[in-house]
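Q:
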Amino acid sequence: MTDLAKRPRLLVLSTTYPRWRDDHEPGFVHELARRLTDRFDVVAIVPHAEGALRREVLDGVTVFRYRYALERWETLVQDGGITTHLRRSPWKWLLVPGFFAMQWFSARSALVAGTVVHAHWIVLPGIVARLLRKRYLVTSHGADLFALRGKLAVRLKRWVMQRADATTVVSRAMLPMATELSAGKLPVVAPMGVDLSVRFTPDPAILRETDRIVFVGRLVEKKGLDVLLRAMPAVLAERPHAHLCIVGHGPLLETLTGLVRHLDIGHAVTFVGPVPSMALPEHYQRASLFVAPFRPASSGDQEGLGLVLVEALGCGCPVVTTDVDAVSDVLEGMSGVVQVPSGDERALSSAIIASLQDQTVVEAVASTRSILVDRFDWNHVARRYGDILSGLLDDQGN
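Yeah, the sequence shown ends on 398 if you go by UniProt numbering, and it's all consecutive.
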């Protein structure tokens, strides 16, 4: 189907979306949306941010960015996500009513006959999807499920999920809680994807640097970077030339840089900051080891899947991570990966040292890459989501 006028409309609701091409903000919602443009007329309703266009067509997706405050105050979603911002800056709760109202108004204005809705996150996009009175799929990515545990939040999540026409979660670890909220209806486990065909691939032209450790992610509590920093002195005692490169940004930057000074490891740690998504593969390709020290946050939030593991393994980089439940979907059947108890800096340092010493670990990662492609390459993931959404259209007779 190539005629845009004949394609059914897919309305994508999300709180996280790239502000412009190759933004460093997480791009998985857009990556899925753009791969569905051959089957749908895709319109994304997402929050505005300073420097972003109000309306544009990005990779075939019509993107509407709604204003919800004065531009300098439109800071509810970038650099850490909504739950992190609300916890660290309670005044930002004042932004929520306008944020919600403008998403609903913008989404309502984009409806046409036969529209199907895909809401990423239960709260707030899921609530908007329910109020639109169209058939909708709601996808939980983790933070919306594991955090926001107050009575009102739980009631709202139940209301959204029990009335959804389809629900998906991105890992099996999320199934028990999602099923309970859905009144026993079993959600589909359907992860987001990674470009394992072109972008996140091994590059023989790039040599891995000895004892180069890389961390990629938002600087928030559930990523566990403080545990990795506390593990570094023991690593340096055995591998004095080891160097940790931290790629990412977030609200804990000042706290973490202070910890580096306190531990006196500034000579062995570089805060790279956020980088464009196109630049990420080289960081994995140059590294000896990728470390993802995930752990549950004090709010209850935890990793929903851990796509950074897929990115690293896709680039042929060995991985050390923790035993949080969500990563089991990524690691099942994979070689070149070590897991340690979350929050255990001694176990983490020992695993890092052992992995840096292991001369066979890169070959081990390569031997099981095809398993990763079958599970997480965008070509497979987008086809599955497209089928789910098309099924909703079939049910309503469009």
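A virtual CB, placed ideally from N, CA and C, is assigned to each residue, including glycine.
Here's the rule I'm using: 16 or more other beta-carbon atoms within 10 Å means buried, otherwise exposed. How should G273 be labelled?
A: Here residue 273 refers to the residue found at position 273 of the sequence shown. Exposed, since its Cβ has fewer than 16 Cβ neighbours within 10 Å.
Q: Assuming contact is defined by CB atoms lying nearer than 8 Å, are M192 and L32 in contact in what I supplied?
A: Walking along the sequence shown from the start, residue 192 turns up at place 192. Walking along the sequence shown from the start, residue 32 turns up at place 32. It is a contact, given that the beta carbons lie within the stated cut-off.
Q: Thinking C-beta only, is V247 closer than 8 Å to F215?
A: Position 215 of the sequence shown, counting from 1, holds the residue named residue 215. Position 247 of the sequence shown, counting from 1, holds the residue named residue 247. For F215 and V247, yes; Cβs fall inside 8 Å.
Q: By Cβ distance, which residues of its chain are closer than 6 Å to G224, with the 5 residues on each side in sequence left out?
A: The sequence position of residue 224 within the sequence shown is 224, counting from 1. Cβ neighbours of G224 beyond the five flanking positions: P293, F294, R295.
Q: Leaving out the 5 sequence neighbours to the left and right, which residues in its chain are closer than 7 Å to T2 when beta-carbon positions are compared?
A: Position 2 of the sequence shown, counted from the start, is the residue given in the question as residue 2. With a pLDDT of 48 at T2, under the threshold of 50, the modelled position of that residue is not reliable, and no figure is offered here.
Q: Just tell me which of E74, L181, P251, H85 has its CA closest to the CA of K151.
A: Your numbering for residue 151 matches position 151 in the sequence shown. Nearest C-alpha to K151: L181.
Q: According to DSSP, is A129 part of a helix, a strand, or is it coil?
A: Walking along the sequence shown from the start, residue 129 turns up at place 129. DSSP places A129 in helix when its eight states are reduced to three.
Q: Measuring straight from C-alpha to C-alpha, what distance separates L11 and S288?
A: One-based indexing of the sequence shown puts residue 11 at position 11. One-based indexing of the sequence shown puts residue 288 at position 288. The straight-line gap from Cα to Cα measures roughly 42 Å.
Q: Across the segment 165–178 and the segment 134–142, are there enough close Cβ pairs to call them in contact, namely three or more that are closer than 8 Å?
A: In short, these stretches touch, since the Cβ pair count reaches three.
Q: If we require 3 or more residues per run, which beta strand (DSSP E) segments fall completely within the segment 72–150?
A: Entirely contained in the segment 72–150, the beta strand (DSSP E) runs reaching 3 residues are, in chain order, 116–120, 136–140.
Q: Counting pairs of beta carbons, one from the segment 97–104 and one from the segment 64–74, are three or more of them closer than 8 Å?
A: At 8 Å Cβ cutoff, the stretches touch.
Q: Along the chain, where does the beta strand (DSSP E) that runs through L244 open and close?
A: Counting from 1 along the sequence shown, the entry for residue 244 is found at position 244. 243–247 is the extent of the beta strand (DSSP E) around L244.
Q: From V188 to W159, what does the alpha carbon distance come to, in whole angstroms?
A: Counting from one through the sequence shown, the residue named residue 188 turns up at place 188. Counting from one through the sequence shown, the residue named residue 159 turns up at place 159. For V188 and W159, the distance between alpha carbons rounds to 18 Å.
Q: In whole angstroms, what is the alpha-carbon distance linking R383 and R239?
A: Counting from one through the sequence shown, the residue named residue 383 turns up at place 383. Counting from one through the sequence shown, the residue named residue 239 turns up at place 239. Rounded to whole angstroms, R383 to R239 spans 45 Å at the Cα level.
Q: Rounded to a whole number of angstroms, what is the C-alpha to C-alpha distance between R375 and T168?
A: Taking the sequence shown and counting its residues from 1, the one referred to as residue 375 is at position 375. Taking the sequence shown and counting its residues from 1, the one referred to as residue 168 is at position 168. Cα-Cα distance, rounded: 15 Å.
Q: Specify the secondary structure class of V227 as computed by DSSP and reduced to three states.
A: Your numbering for residue 227 matches position 227 in the sequence shown. If DSSP states are grouped into helix, strand and coil, V227 belongs with the helices.
Q: Under DSSP, the alpha helix (DSSP H) around P176 begins and ends at which residues?
A: Here residue 176 refers to the residue found at position 176 when the sequence shown is read from its first residue. Run containing P176: 175–181, per the alpha helix (DSSP H) assignment.
Q: Assign D165 to one of three DSSP states: helix, strand, or coil.
A: Taking the first residue of the sequence shown as 1, we reach residue 165 at position 165. The answer is coil: DSSP assigns D165 none of H, G, I, E or B.
Q: Taking Y284 as part of the alpha helix (DSSP H), name the residues at either end of that continuous run.
A: Within the sequence shown, residue 284 is the residue found at index 284, counting from 1. It spans 280–286 - the alpha helix (DSSP H) in which Y284 sits, taken as one unbroken run.
Q: If you run the structure through DSSP and keep just helix, strand and coil, what is V324?
A: Locating residue 324 in the sequence shown gives position 324, where the first residue counts as 1. It is coil, neither helix nor strand.
Q: Look at the alpha carbon of P341 and the alpha carbon of L348, and state the distance between them as a whole number of angstroms.
A: As a working note, residue 341 is residue 341 in the sequence shown. As a working note, residue 348 is residue 348 in the sequence shown. Distance between the alpha carbons of P341 and L348: 8 Å.
Q: Please give me, in chain order, every unbroken run of the beta strand (DSSP E) with length at least 3 that falls completely inside the segment 334–364.
A: List check, beta strand (DSSP E) in window: 337–340.
Q: Kindly provide the ranges of any alpha helix (DSSP H) runs that are 4 or more residues long and lie completely inside the segment 26–75, ordered along the chain.
A: Listed in chain order, they are 28–34.
Q: At the level of alpha carbons, what is the spacing between Q359 and D325?
A: Numbered from 1 along the sequence shown, position 359 holds the residue referred to as residue 359. Numbered from 1 along the sequence shown, position 325 holds the residue referred to as residue 325. Distance between the alpha carbons of Q359 and D325 is about 28 Å.
Q: Go to A312, then tell me how far its beta strand (DSSP E) extends in each direction, as first and last residue.
A: To locate residue 312, count along the sequence shown from 1; it is residue 312. It is not in any beta strand (DSSP E) - A312 instead sits in the alpha helix (DSSP H) that spans 307–314.
Q: For a quick check, are the C-beta atoms of P276 and C315 less than 8 Å apart?
A: For the purposes of this step, residue 276 is taken as the residue at position 276 of the sequence shown. For the purposes of this step, residue 315 is taken as the residue at position 315 of the sequence shown. No.
Q: Could you tell me if M278 is buried or exposed, where buried requires 16 or more neighbouring beta carbons within 10 angstroms of its beta carbon?
A: Stepping through the sequence shown from its first residue, residue 278 is reached at position 278. Burial call: exposed.
Q: Mark A231 as exposed unless 16 or more other C-beta atoms lie within 10 angstroms of its C-beta, in which case mark it buried.
A: Position 231 of the sequence shown, counting from 1, holds the residue named residue 231. By the neighbour-count rule (16 or more Cβ atoms within 10 Å), A231 is buried.
Q: Taking DSSP as the reference, what is the three-state secondary structure of V220?
A: Translated into the one-based positions of the sequence shown, residue 220 becomes position 220. Correct three-state label for V220: coil.
Q: With distances taken Cα to Cα, identify the nearest neighbour of G250 among K157, Q78, H283.
A: As a working note, residue 250 is residue 250 in the sequence shown. Of K157, Q78, H283, the residue nearest in Cα terms is Q78.
Q: Answer with buried or exposed for G126, where buried requires no fewer than 16 other C-beta atoms within 10 angstroms of its C-beta.
A: Residue numbering aside, residue 126 sits at position 126 when the sequence shown is read from its first letter. So G126 ends up on the buried side.
Q: Measuring only the C-alpha atoms, how far is D387 from R19?
A: Within the sequence shown, residue 387 is the residue found at index 387, counting from 1. Within the sequence shown, residue 19 is the residue found at index 19, counting from 1. The alpha-carbon atoms of D387 and R19 are separated by roughly 28 Å.
Q: Answer with buried or exposed for F105, where buried requires no fewer than 16 other C-beta atoms within 10 angstroms of its C-beta.
A: Within the sequence shown, the letter at position 105 stands for residue 105. Exposed, since its Cβ has fewer than 16 Cβ neighbours within 10 Å.
Q: Would the segment 307–321 count as touching the segment 197–208 if we require 3 or more Cβ pairs under 8 Å?
A: Yes, the segment 307–321 is in contact with the segment 197–208.
Q: Should R39 be labelled buried (16 or more other beta-carbon atoms within 10 Å of its own) or exposed?
A: Residue 39 sits at position 39 when you count from the first residue of the sequence shown. The residue in question, R39, is buried, as its Cβ has 16 or more Cβ neighbours within 10 Å.
Q: G336: buried (16+ other C-beta within 10 angstroms of its C-beta) or exposed?
A: The count along the sequence shown starts at 1 and reaches residue 336 at position 336. Classification for G336: buried.
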